[in-house]
Amino acid sequence: MNKGLLIIGSILAASVITTSCNNKQQGSNGISKADSTQVVEDEEKDEDAVKLTTKKITKSIKNNTGEYKLTIDFPESDNKILANAIREYISESLGSTYGGGEEETKRGSYSGDLADGEQMAKYYFDIKVKEFTKMYNSLKEEGMPDVPQMASETEITRGYENSKVVTYNFSSYEDAGGAHGASVGSGMTFRKSDGRRIGWELFSTVKMQSILRDGLKEYFSVKTEEELESCLSLNSIYSIPLPVTPPLFTEKGIVVIYQQYEIAAYAAGMPSFTIPYKDARKMLNNTGKELLP
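In this note's numbering, the protein residues as written are 3 to 295.
Laid out in structure tokens, this is it:
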């Protein structure tokens, strides 16, 4: 993987007694050993049923214009509501980076069967290769000496998952022959029960301010408000904006990540930090608290 590609990583006996009424062993809750075994088996089946199943789809090509690659963990779960919600997210995410234009940024331009992951991937991949090939040929026609190789690598992968939520990570690196490439590290967390996309509306904006300051100070390795303000491109740090990227649930907590240029210069990278779940609980409403592991 290209070193510019940011991958957001992510990270979750009953006692029995004998009675004289019959020969069955019963638990303290009155369930027989045989029944108890069946309950455990049913619970295991239920747990397996909620786990998201995926298939990996990869498209790649290397030619005279450059190197292109797309990788997707495409959902194929029995939970059709969840699977469809994630498929919509995948199309919209690829639409924003592959489809061009304001409309595609909102919804993606793929209008085929959302359940057909191969066709969706091919559609967006072909757009990207065509777009970059056109740029490459245009530079050659303009007489640019030593036209640089183009590069585009995107991954949409399943990350953290528990019984209530699943997080998808989006990472992309593109180099269209400019001074430097551009990286995106984003994602989305979904509630499994209904496919709801988890956003910042579950958090107290006021309570988040101290967390944002502390997290950014840690990222930039500074201690004072003045030092932090000098690291950011904001007019003031009186009220630090929440990032465009929604909160991402991971094994260690909730990741906060800002994109390149969002609050700081390109050299600052993508400022990010993790809020431990014990701290996140204090800022979440009841809907959010229900999602915590």
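C-beta atoms are modelled at their ideal positions from N, C-alpha and C, and glycine is treated no differently.
Note down, in chain order, each residue of its chain lying with its Cβ closer than 6 Å to the Cβ of residue i, except the 5 sequence neighbours on either side.
i	result
Pro150	Gly179
Asp50	Because the pLDDT of Asp50 is 43, which lies under 50, any placement of that residue in the model is unreliable, and the number read from its coordinates should be weighed accordingly. There are no such residues.
Ala282	Ile256
Lys71	Ser62 and Glu155
Asp177	Ala153 and Gly183
Val224	Leu230
Gly114	Gln121
Tyr268	Gln262
Thr73	Thr60 and Glu157
Thr247	Ser188 and Ile259
Taking the continuous beta strand (DSSP E) assigned at residue i, which residues delimit it?
i	result
Arg193	Ala184 to Arg193
Phe172	Val167 to Asp177
Met152	Met152 to Glu163
Asn139	No beta strand (DSSP E) contains Asn139, which is instead part of the alpha helix (DSSP H) from Gly119 to Glu143.
Lys64	Thr56 to Asn65
For the putative contact between residue i and residue j, defined by C-beta atoms under 8 Å, what is the C-beta separation to the nearest angstrom?
i	j	result
Tyr240	Gly255	Between Gly255 and Tyr240 the Cβ distance is about 26 Å, and since that is not below 8 Å, they are no contact.
Ile59	Gly119	5 Å
Ile88	Tyr170	6 Å
Leu116	Asn86	6 Å
Leu84	Phe192	6 Å
Leu230	Phe222	7 Å
Leu294	Phe205	Going by Cβ atoms, the distance from Leu294 to Phe205 rounds to 12 Å, so no, they are not a contact pair.
Tyr112	Met122	5 Å
Pro249	Trp202	6 Å
Gly68	Phe134	6 Å
Tyr162	Glu253	6 Å
Pro245	Glu220	Contact doesn't hold; Cβ gap of about 15 Å is too wide.
Under 8 Å Cβ to Cβ from residue i, same chain only, skipping five residues before and after it: list those, please.
i	result
Gly145	none
Ala266	Cys233, Leu234, Ser235, Tyr260 and Pro273
Lys291	Arg283
Val52	Asn81, Ser165 and Lys194
Lys64	Tyr70
Val167	Thr191, Phe192, Arg193, Lys194, Ile200, Phe251 and Leu293
Just to confirm the assignment, what range does the alpha helix (DSSP H) spanning residue i have?
i	result
Leu226	The question names Leu, but residue 226 is Thr in the sequence shown. Segment: none, Thr226 is in no alpha helix (DSSP H) and carries neither H nor E.
Phe222	Thr207 to Phe222
Ile83	Lys82 to Leu96
Thr289	Asn288 to Lys291
Leu72	Premise fails: Leu72 lies in the beta strand (DSSP E), Gly68 to Pro77, not in any alpha helix (DSSP H).
Tyr279	Tyr279 to Ala282
Val149	From DSSP, Val149 is part of no alpha helix (DSSP H); its letter is neither H nor E.
Beta-carbon within less than 7 Å of residue i's beta-carbon, same chain only, minus the 5 sequence neighbours each way: which residues are those?
i	result
Glu96	What sits at residue 96 in the sequence shown is Leu, not Glu. Excluding residues within five positions, the ones whose Cβ falls inside 7 Å are Gly110 and Tyr126.
Thr56	Asp75, Phe76, Pro77, Glu78 and Arg160
Glu228	none
Glu43	For Glu43, the predicted structure reports a pLDDT of 46, less than 50, and the residue's modelled location is therefore unreliable. A value from the coordinates is still provided. Result list for Glu43: empty, nothing under 7 Å.
Thr289	Leu204
Leu141	Val149 and Gly179
Thr226	none
Taking only beta-carbon atoms, is residue i less than 9 Å away from chain B?
i	result
Ile277	The displayed structure is made up of one protein chain only, and chain B is not part of it.
Measuring CB atoms only, is the stretch 127-139 touching the stretch 185-201, in the sense that at least three cross pairs come out at less than 8 Å? no
Does the stretch 177-192 touch the stretch 208-217, meaning 3 or more C-beta pairs lie closer than 8 Å? no
Please go through the stretch 229-274 and give each complete beta strand (DSSP E) segment of 3 or more residues, from N-terminal end onward. 256-259
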